[in-house]
Amino acid sequence: MRITQSMFVRNTMQRLFKSRETLMNTQDRLATQKKIKLPSDNPVGYSRAQRMREAYRQNEVFLKNIEESEGWLDHTSSLLEQIYQNVVDARIEATKGTDAVATPELMDSLAKQLRGMMDELVATLNTTYLGKNVFGGTITKEATPFEKNDLDVTYQGNDQHIRRRMSKQIVMDINVTGSEIMQTSVFDALKETIVALENHDVDALKGALENLKSSEKNILNVSTVYGSKINNLLLIKERMISTNENFQKFISQEEDAVLEEEMIKLKSEEIAYQAALQSTSQIMGLSLLKYL
């Protein structure tokens, strides 16, 4: 094969351009601090980083759901504690009517006090959070879920739960429905207690207090079960945050350039490029005419 001068020059220039391109790529990685920006830089690494980034974004959506649900759960838990304490206080006050020294006047006073507590209980159950009824089931924007007519309380909501997805595998009910509160029979027990006090019927009052104590336990059970959801949510949140931190670390490992290594490469490639420039300039000056 005959090597012509043009072939010699062309090959020399191609190697020079290749050396310059390598140098420019290293400079670009140092400037951007990224070793992968395009699929062509590293197809496997780029694909892996994109999959992790998509999983990270999805987890961020779940974390937003968790944070919004956390506020609802905390608020509802606080209301359940108030409701439980309200019923406990009502039972303790009504117990005074069973004393041997209890007078009709005292029992009437206690009945009025329990009526006020019943009003307070209904008001608590009609509380809203961010403009939504807390205990109305999925009917969150309608009128108040609980209506009181003298001693009769009716529930206007439904028994459906508000559900939020906390992860790919977990969907959680975040609310307590008014139906669950009604199932504790707390209003029936309060009504029975107030009527017994107003009728000055000690025997009936004792029976009503037993029913009220049973309702108190039922409310405590609802509160306890609901409290476990808060604990579960916190565990899910911690796991999700930890997972996203790992995703960020893995993405960084795939895409980020190691500056110390890139600086060493840059120095080496600068020397190689300068040598290529010098040798090319010498080679380009060679010609057969100089020796004729």
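Quick note: the sequence shown uses our numbering, first residue 5, plus one each step. Glycine residues also receive a C-beta, built at the ideal position from the N, C-alpha and C atoms.
Alpha carbons only, please: which of Val91, Asp177, Gln62, Glu85 is nearest the one belonging to Lys303?
Lying outside 5 to 296, the shown extent of the chain, residue 303 is not represented and no answer is given.
With DSSP as the reference, label Phe251 as helix, strand or coil.
For this step, residue 251 is matched to residue 247 along the sequence shown. Helix.
If you check the beta carbons only, do Leu67 and Met186 fall under 8 Å apart?
As a first step, residue 67 must be located in the sequence shown, where it is residue number 63. As a first step, residue 186 must be located in the sequence shown, where it is residue number 182. For Leu67 and Met186, no; Cβs fall outside 8 Å.
Is the CB-CB distance between Ile198 and Leu118 below 8 Å?
For the purposes of this step, residue 198 is taken as residue 194 along the sequence shown, with counting starting at 1. For the purposes of this step, residue 118 is taken as residue 114 along the sequence shown, with counting starting at 1. Taking 8 Å as the Cβ cut-off, Ile198 and Leu118 qualify as a contacting pair.
So, for Tyr159: in the same chain, excluding its five sequence neighbours on each side, which residues have a beta-carbon less than 7 Å away from its beta-carbon?
Here the question's residue 159 lines up with position 155 in the sequence shown. Excluding positions up to five away in sequence, the list reads Pro149, Phe150, Gly182, Ser183, Met186.
Keeping to the same chain, check which residues put their C-beta closer than 7 Å to that of Thr132; ignore five residues upstream and five downstream.
Sequence index remark: in the sequence shown, residue 132 carries index 128 (1-based). Excluding positions up to five away in sequence, the list reads Val138.
Based on DSSP bridge pairs, tell me the residues matched to Asn162.
Sequence index remark: in the sequence shown, residue 162 carries index 158 (1-based). Note: Asn162 sits in no beta bridge, so no partner.
Identify the continuous alpha helix (DSSP H) that holds Phe139 and give its terminal residues.
Numbered from its first residue, the sequence shown carries residue 139 at position 135. Phe139 -> no alpha helix (DSSP H), and no H or E assigned at all.
May I ask which residues mark the beginning and end of the beta strand (DSSP E) holding Met176?
Within the sequence shown, residue 176 is the residue found at index 172, counting from 1. 175 to 177 is the span of the beta strand (DSSP E), which, as asked, contains Met176.
List the DSSP bridge partners of Arg167.
Here residue 167 is taken as the residue at index 163 of the sequence shown, counted from 1. Answer is Asp177.
Counting along the chain, where does the beta strand (DSSP E) carrying Lys145 start and finish?
Taking the sequence shown and counting its residues from 1, one reaches residue 145 at position 141. Note, Lys145: premise wrong, no beta strand (DSSP E); not H, not E.
Same chain only: Cβ atoms within 8 Å of Ile143, ignoring 5 sequence neighbours per side
Counting from 1 along the sequence shown, the entry for residue 143 is found at position 139. Hits under 8 Å: Asn137, Pro149, Gln160, Gly161, Asn162.
Coil, strand or helix - Thr131 by DSSP
Translated into positions along the sequence shown, residue 131 becomes position 127. Looking at Thr131 - three-state DSSP - the assignment turns out to be coil, as it is neither helix nor strand.
Is His165 closer than 8 Å to Asn179 when the C-beta atoms are compared?
Your numbering for residue 179 matches position 175 in the sequence shown. Your numbering for residue 165 matches position 161 in the sequence shown. Contact flag set, yes.
Alpha helix (DSSP H) segment containing Lys195, residue limits
Position 191 of the sequence shown, counted from the first residue, corresponds to residue 195. Looking at the DSSP string, the run of the alpha helix (DSSP H) that includes Lys195 is 190 to 202.
Look up Lys152 in the DSSP assignment and give the residues it is bridged to.
What you label residue 152 is simply residue 148 of the sequence shown in a count that begins at 1. Lys152 is bridged to Val157.
Which of the three DSSP states is assigned to Ala106 in this structure?
As a position in the sequence shown, residue 106 is number 102, starting the count at 1. Reduced to three states, the DSSP call for Ala106 is coil.
Drop a sphere of 10 angstroms on the beta-carbon of Ala98, count the other beta-carbons inside from all chains shown, and report buried for 16 or more, exposed for fewer.
Indexing the sequence shown from 1 puts residue 98 at position 94. Result: buried.
Three or more C-beta pairs under 8 Å: does that hold for the region 229 to 242 against the region 50 to 62?
no
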